[in-house]
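Residue numbers (the working numbering), protein chains in the order written: chain A, 1 to 251; chain B, 1001 to 1468. Contents: one structure, followed by commentary.
Put into C-alpha cells, the structure is as follows:
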C-alpha cells in the first residue's frame, strides 16, 4: 500500500471568515479520499486582492508566505479556483531565481478541491444523498485557468436524490471580480442581475459553485431580489453537509 | 482611482434600457454565430496558434517587412508616407486632400482613421466627409463616435435609425423597414461615391511582398470609396503588415469567423497601386500613410503582444462589462478588453486609469481571441502601473495596505479575525442589509454575515480538544 499523500489545506481568507463550514467540508472530503491533511497556521490569504489591484510587492510577499508554509506537502488543496489560480501564477511574481523555482514547485502541486478529488485522487461520492434540485455556476478562474468544468458535474451526478438542472450562461462571469464588485458596484450589479435571472429561471432549489466570492455575490443578489434559491459550495454538498443553513442563513 | 467621468458614463449607459437591448441583439447574435463557425472548423485552435505566430514573427521583424512593403508599394506606383503620431498622420491626409483641391471625400470604415482623429481633421479643413459604411453613415448623422469596432452603430436600434434617416435623407425613405432604409442610404451614398474627389480607406492587411493593401467589408463600400475618386488614401497602423498574401489568408480565416461568424466577408479586396495604363478604372494616385502612434514603443514593453490584435471585436462581444455599458462609456477610440489595453497607450494612463480596473478578470476575452492575446495579463500589467504611479484611489490603497500588513503576520491576522467577526455580526446574524463603508456591496446585495468564529479558530480548538 502506498503512503497516503500529505495535503496542506489552504482554507482561503473568505472561507476562514465567512463560511468555515466549506473548510471543514473540504477537510472531510480530503480525508475520505485517503489524504493526510494538515492546516498550517501560518496561512492567511493568497494575495489576490493585492495582485489584482496592481500591488506586486504585497502580492509577492504573501506569495512567499504561502510558499514557505506549504512547500513541504505533497499537495496544496483549496476550496477555490481563483485562489489556486493565483497560487499557480506565483512564479511570475518572483524576481529571484531561487524563489521562482520554489514558486514553480508549489504551483505544480496546487489544486482546487473538486478537480483534485476527481482527477488526482480518483474519488467518487459514495452514499451521499440530498433530495433537491440544483443548478451549477462555473466560476471563471476555476473554469478558464484550471479547467474545472466536467469534474464537479461528474461528482454531483453521483449524489443520490440530487437533480441537476442546466443553467443558461453557466460559464458567464457573475460580476464578482474581487474588488471589482465594490469599485464598480453599478456594473457589477447589472451583471449579477442577469445571472440571478438565469438562476431563477432554472427553478432549482439550490445554486452550487466552487468559489465563495462568486457564491456570496450571487446569493446576496438573489436574497435582495427576494428569490428563494439557497446557495452552497459544491464541496458542502459532496461532504453531506448541505442539510443545514445555506449561505446567509442564520447560523 | 475610480474616475468620476468613467463612472458617470457607465452610470448613464446602464440607465439606458434601449442601449442594453441594442447591445444584446448584436453581441448575442455575434456570439452565437461565432460559436457555430468555430464548431464547424475543427482546425480553429491550430489556426489561432498559427495566426498568433505570424503576428509575433512580423512584430519581431517589423523593420524588415515595413521596408519591403514600402519598396513594393512604391514599385506599384503608390506613394508611401510615414507618420509618427496621430496629429502627423491626420496632417498628411488633410494635406493630400487640400493639395488636390478636394471638396468631397468618401471614407470606408477604419478604426485607425478614428484613432488619428481624421473625421475632425477633415472637417477642420473644410472638406465634406462622407462616411460610406452603413453603420458609419448612421453615426455620422447622429454625430457620434463608433461604439464597437465592427458595428460602429450597434448602440442604435432600428427604430433610432429610422428617425435619423427620416430627418436627414432627402427624399426620406419610402418606409421604415430595413430594406427601404438600406435603399434610401444607398441612394444618398451613390451620388457621393461618384462625386468624391478622394476616397480614404483603412487596411486590414499590408502585404509586404506585393505592396498591396487589403480591405475586408460586407457592403462593397470600400471598393466604391477607393475606385471612382481621383485619389485613394490608405491609412494603416504599422502592425498591419503581413509577409505575403498567404499569411493574410491565414489571418482572414480566424478574423472573419471571430468577428461575424462568417467564413469570409462579401468583399475581400487587394488594392495594389493606382490605375495603370489600360486599366478601365481606378484612382490616379494612391497614397499609403503608415502610422506608428505608440506602436513602436509597445514593441519594447510588456504590451508587445497587443500588436497581434487584428480588430475582430470578439473580446468585446464576450465581455460582461462591455455588454452592460457598451462602447462609448470606455471613452477612447477602442472599447472593450482590447480597448482597455490600448487606450492607456494612446490617451495616457492618467486619462484612462479606470479601464484596466473595470474588468472582472474572468478571462473570456482571451479565450475567444483569434490571436491568443493574453488580455488578462496585459490588463494586470496596467494595474501594476496604476499602482506604481499612484493612480489607485487613496481609500482602496490604504485599505489594501492595512489588510496586507495584517495578512503578512498570521498571528495578528487570526487575532484580528477573532475580534472583528463578532463586531460584524452586530449588523446582522443571517443577512446583513446595510454595513458602514460597505455600500458598494450592500446598496444592491445582501451580505451574508460572517461566522461567529473563523475556521482557523474553530480548527485550533478542535485540535486542542482532540489532544486532551
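All residues carry an ideal CB built from backbone N, CA and C; glycine is no exception.
CA-to-CA distance, residue j to residue i, given in whole angstroms
{"i": "residue 1382 of chain B", "j": "residue 1356 of chain B", "result": "6 Å"}
{"i": "residue 1376 of chain B", "j": "residue 9 of chain A", "result": "28 Å"}
{"i": "residue 1001 of chain B", "j": "residue 194 of chain A", "result": "Unreliable placement is indicated for residue 1001 of chain B, whose pLDDT of 40 sits below 50; no coordinate value is reported for it."}
{"i": "residue 1450 of chain B", "j": "residue 56 of chain A", "result": "28 Å"}
{"i": "residue 196 of chain A", "j": "residue 221 of chain A", "result": "7 Å"}
{"i": "residue 166 of chain A", "j": "residue 136 of chain A", "result": "7 Å"}
{"i": "residue 1205 of chain B", "j": "residue 1225 of chain B", "result": "17 Å"}
{"i": "residue 230 of chain A", "j": "residue 1422 of chain B", "result": "24 Å"}
{"i": "residue 237 of chain A", "j": "residue 130 of chain A", "result": "8 Å"}
{"i": "residue 109 of chain A", "j": "residue 96 of chain A", "result": "20 Å"}
{"i": "residue 111 of chain A", "j": "residue 1026 of chain B", "result": "38 Å"}
{"i": "residue 1017 of chain B", "j": "residue 73 of chain A", "result": "53 Å"}
{"i": "residue 1258 of chain B", "j": "residue 1049 of chain B", "result": "14 Å"}
{"i": "residue 158 of chain A", "j": "residue 128 of chain A", "result": "8 Å"}
{"i": "residue 1193 of chain B", "j": "residue 1039 of chain B", "result": "39 Å"}
{"i": "residue 1127 of chain B", "j": "residue 1020 of chain B", "result": "35 Å"}
{"i": "residue 1263 of chain B", "j": "residue 1218 of chain B", "result": "12 Å"}
Simplified DSSP state of residue i, which is helix, strand or coil
{"i": "residue 1458 of chain B", "result": "helix"}
{"i": "residue 123 of chain A", "result": "coil"}
{"i": "residue 1338 of chain B", "result": "helix"}
{"i": "residue 1079 of chain B", "result": "strand"}
{"i": "residue 965 of chain B", "result": "What is shown of chain B runs 1001 to 1468, which leaves residue 965 of chain B out entirely."}
{"i": "residue 1413 of chain B", "result": "helix"}
{"i": "residue 1271 of chain B", "result": "strand"}
{"i": "residue 184 of chain A", "result": "coil"}
{"i": "residue 1206 of chain B", "result": "strand"}
{"i": "residue 1227 of chain B", "result": "coil"}
{"i": "residue 3 of chain A", "result": "coil"}
{"i": "residue 110 of chain A", "result": "strand"}
{"i": "residue 231 of chain A", "result": "strand"}
Any chain B beta carbon closer than 7 Å to residue i
{"i": "residue 140 of chain A", "result": "yes"}
{"i": "residue 113 of chain A", "result": "no"}
{"i": "residue 70 of chain A", "result": "no"}
{"i": "residue 242 of chain A", "result": "no"}
{"i": "residue 180 of chain A", "result": "yes"}
{"i": "residue 246 of chain A", "result": "no"}
{"i": "residue 190 of chain A", "result": "yes"}
{"i": "residue 137 of chain A", "result": "no"}
{"i": "residue 221 of chain A", "result": "yes"}
{"i": "residue 18 of chain A", "result": "yes"}
{"i": "residue 199 of chain A", "result": "no"}
{"i": "residue 102 of chain A", "result": "no"}
{"i": "residue 66 of chain A", "result": "no"}
{"i": "residue 11 of chain A", "result": "yes"}
{"i": "residue 187 of chain A", "result": "yes"}
Contact with chain A by residue i, beta-carbon distance below 7 Å
{"i": "residue 1353 of chain B", "result": "no"}
{"i": "residue 1368 of chain B", "result": "no"}
{"i": "residue 1378 of chain B", "result": "no"}
{"i": "residue 1446 of chain B", "result": "yes"}
{"i": "residue 1398 of chain B", "result": "no"}
{"i": "residue 1025 of chain B", "result": "no"}
{"i": "residue 1384 of chain B", "result": "yes"}
{"i": "residue 1195 of chain B", "result": "no"}
{"i": "residue 1148 of chain B", "result": "no"}
Residue i Cβ short of 6 Å to the ligand FMN heavy atom set
{"i": "residue 1077 of chain B", "result": "Looking for the ligand FMN in the displayed structure turns up nothing, as the structure carries no ligands at all."}
Inter-stretch contact at 8 Å, needing at least 3 Cβ pairs: the region 1055-1075 of chain B / the region 1211-1223 of chain B: yes
I'd like to know if the region 1087-1107 of chain B and the region 1131-1148 of chain B are in contact, where contact means that at least 3 CB-CB pairs between them fall below 8 Å. yes
Looking at C-beta atoms only, is the number of pairs between the region 48-59 of chain A and the region 78-90 of chain A that lie closer than 8 Å three or more? yes
Indicate whether the contact test is met: 3 or more Cβ pairs, each with one atom in the region 64-82 of chain A and one in the region 100-113 of chain A, closer than 8 Å. yes
Between the region 46-64 of chain A and chain B, which residues of the former have a C-beta closer than 8 Å to a C-beta of the latter? 47, 49, 50, 51, 52, 53, 54, 55, 56, 58, 61, 62
The region 1316-1336 of chain B: which residues have C-beta closer than 7 Å to a C-beta of chain A, in chain order? 1320, 1321, 1324, 1325
Residues in the region 1406-1433 of chain B having any Cβ partner in chain A nearer than 7 Å: 1407, 1408, 1410, 1413, 1417, 1421, 1429, 1430, 1431
Proximal residues, the region 142-176 of chain A versus chain B, C-beta separation under 9 Å: 143, 144, 145, 171, 172, 173, 174, 175, 176
Against chain B, which members of the region 20-42 of chain A pass a CB distance test of less than 7 Å? 20, 23, 39, 41, 42
Quick check: the region 1166-1173 of chain B against the region 1024-1035 of chain B, are there 3 or more CB pairs under 8 Å? no
Would you call the region 1340-1352 of chain B in contact with the region 1147-1164 of chain B, where contact means no fewer than 3 C-beta pairs closer than 8 Å? no
Short-range partners of chain B found in the region 206-221 of chain A, where Cβ spacing is below 8 Å: 216, 217, 219, 220, 221
In the region 1060-1089 of chain B, which residues sit with their C-beta less than 7 Å from some C-beta in chain A, listed in chain order? none
Just by C-beta distance, which residues in the region 1446-1465 of chain B are closer than 8 Å to chain A? 1446, 1447, 1448, 1449, 1450, 1451, 1452, 1453, 1454, 1455, 1456, 1458, 1459, 1460
Quick test of the definition: if touching needs 3 or more C-beta pairs under 8 Å, does the region 207-214 of chain A touch the region 1401-1419 of chain B? no
Taking contact to mean 3 or more Cβ pairs, one atom from each stretch, closer than 8 Å, check whether the region 1087-1098 of chain B and the region 1113-1125 of chain B are in contact. yes
Residues in the region 1013-1024 of chain B with C-beta within 8 Å of chain A's C-beta atoms, listed in sequence order? 1014
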